[in-house]
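Remarks on the structure that follows.
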Amino acid sequence: MLGCANIAWRRTLPAFAESSTATVVAAASRDPHKAERFAVRFGCAPVVGYSALLEREDVDAVYLPLPTGLHARWAADALRAGKHVLAEKPLATTASEATELISLAEQRDLVLMENRMFSYHTQHEEVRKLVANGELGELRTLHATMTIPPLPEDDPRYRAELGGGALLDVGFYPLHAALLLLTEPLEVLGADLHRHPERGVDVRGAVLLRDANGVTAHLTFGIEHSYRAAYELSGSQARLVLERAFTPPPSWQPVLRIEAQDRSECRTLPASPQFLNSVNAFTAAVLDRTRPRDHLRTTLRGLELMDTVRAYDHKGRS
């Protein structure tokens, strides 16, 4: 692990430790105390400095939970050092950065993946089957939202130079929900980003999309709100609501709420460890020497949409 981030401590390193196909070898930080803290908990070696980790011959792959603005540099360095890479979402800050990383991974015959963990939860496949079976009728709209409470003052997501802002962080989820549930190509019809007057990063936003079948998607996100992570699909006959859609704990049993004119139904689904599922997908790709091309196409498409949202917002303000 390269970078001792909170998400690694709470969710991803426990998933790696639980996986039967990976061993946590080392945890690197610029702060020796942080490295030691992770090393004690996960039974691995503490490493001071990121470059020192990449020099270790006992490391096959690197998990990279650094701030988004540092992903491109350190993912590239890890690939050049011959390491497979699982980077926290999003893979990069722009589509051009991601394209360069994908090309480098192809050249080195290495696995590169984005930790798009929510998409590995089985609840979304159940939703896709329900829609495909026509239980909602013809699909009309998607509403998706991801909002979290204000962050600590020193949080990297408030720093523009570290790839901060709501769009790259929580905006990732509703955008990728649209990519998961709707039909490409997706077209950006409108976008608005509200920037913090002092920090220079967007703290909330909204996006309007249209898919290839004319289905519209209204996406909202923010980092100074009450918590919500949900989406709603409306069809010609019924609508579906899924709460805790993006960040459920491993023991959470999702509930699909389906509402029609003359009935309301709740379907409880099995729990699904999405972080472990994501980790296992990565290790399977490494062990099988398979190229996750579909995964990376979605990664790149998500960043292209984010680029378009920023350009659309900038144009609207100029």
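Here the sequence shown is numbered in the UniProt record's numbering, starting from 1 and rising by one per residue.
Backbone N, C-alpha and C define an ideal beta-carbon position, used for all residues, glycine too.
Beta-carbon proximity list for residue i, same chain, < 7 Å, skipping 5 on both sides
i	result
Pro156	Pro67, Leu162 and Gly164
Leu189	Leu208, Leu209 and Arg210
Ser236	Gly137, Glu138 and Arg140
Met113	Leu86, Phe282, Ala285, Pro292 and His295
Buried or exposed by the 16-neighbour rule on C-beta atoms within 10 Å, applied to residue i
i	result
Ser20	exposed
Gln274	buried
Asn213	exposed
Asn280	buried
residue 321	Because the chain is modelled from 1 through 318, residue 321 falls outside the range shown and cannot be assessed.
Thr220	buried
Asn115	buried
Leu300	buried
For residue j and residue i, the rounded distance between their alpha carbons
i	j	result
Val207	His124	21 Å
Val309	Glu57	42 Å
Lys89	Asn277	15 Å
Gly134	Ala238	10 Å
Arg80	Pro292	19 Å
Ala191	Leu182	18 Å
Leu91	Arg263	42 Å
Glu153	Arg11	23 Å
Val170	Ala178	14 Å
Arg199	Trp74	25 Å
Ser119	Leu269	15 Å
Arg128	Gly69	33 Å
Ala284	Leu296	15 Å
Leu175	Arg267	25 Å
Met306	Thr94	8 Å
Leu233	Phe172	18 Å
His143	Ala132	18 Å
Val111	Arg195	36 Å
Ala27	Gln261	54 Å
Arg289	Leu54	20 Å
Leu151	Leu104	34 Å
Tyr312	His218	15 Å
Leu130	Phe42	40 Å
Own chain, CB closer than 6 Å to residue i, minus 5 neighbours either side, in chain order
i	result
Arg228	Thr145 and Thr147
Gly3	Pro65 and Leu66
Ile258	Ala238, Leu240 and Glu265
Pro250	Pro273
Val25	Cys44, Asp58 and Val59
Ser38	One detail in the question is off: residue 38 reads as Phe in this sequence, not Ser. Excluding sequence neighbours, Phe38 sits near Cys4 and Ala27.
Inter-residue CB distance, residue i and residue j (contact presumed, cutoff 8 Å)
i	j	result
Ala52	Val62	Not confirmed; about 12 Å, so no contact.
Span of the alpha helix (DSSP H) around residue i
i	result
Tyr173	Phe172 to Leu181
Ile102	Ala95 to Arg108
Tyr50	Tyr50 to Leu54
residue 322	This structure cannot settle anything about residue 322, because the visible part of the chain is limited to 1 through 318.
Asp77	His71 to Arg80
Arg128	Thr122 to Ala132
Start and end residues, beta strand (DSSP E) containing residue i
i	result
Val201	Element bounds for Val201: n/a, residue is neither H nor E.
Phe282	That residue, Phe282, is in no beta strand (DSSP E); its alpha helix (DSSP H) goes Gln274 to Asp288.
Glu265	Arg263 to Thr268
His143	Leu139 to Thr147
Arg228	Arg228 to Gly235
His33	Here His33 belongs to no beta strand (DSSP E); instead the alpha helix (DSSP H) covers Pro32 to Phe42.
Cut-off 8 Å between Cβ atoms - residues of its own chain near residue i, not counting five sequence neighbours on either side
i	result
Pro185	Asp211 and Ala212
Leu167	Leu193, Asp202, Gly205, Phe221, Met306, Val309 and Arg310
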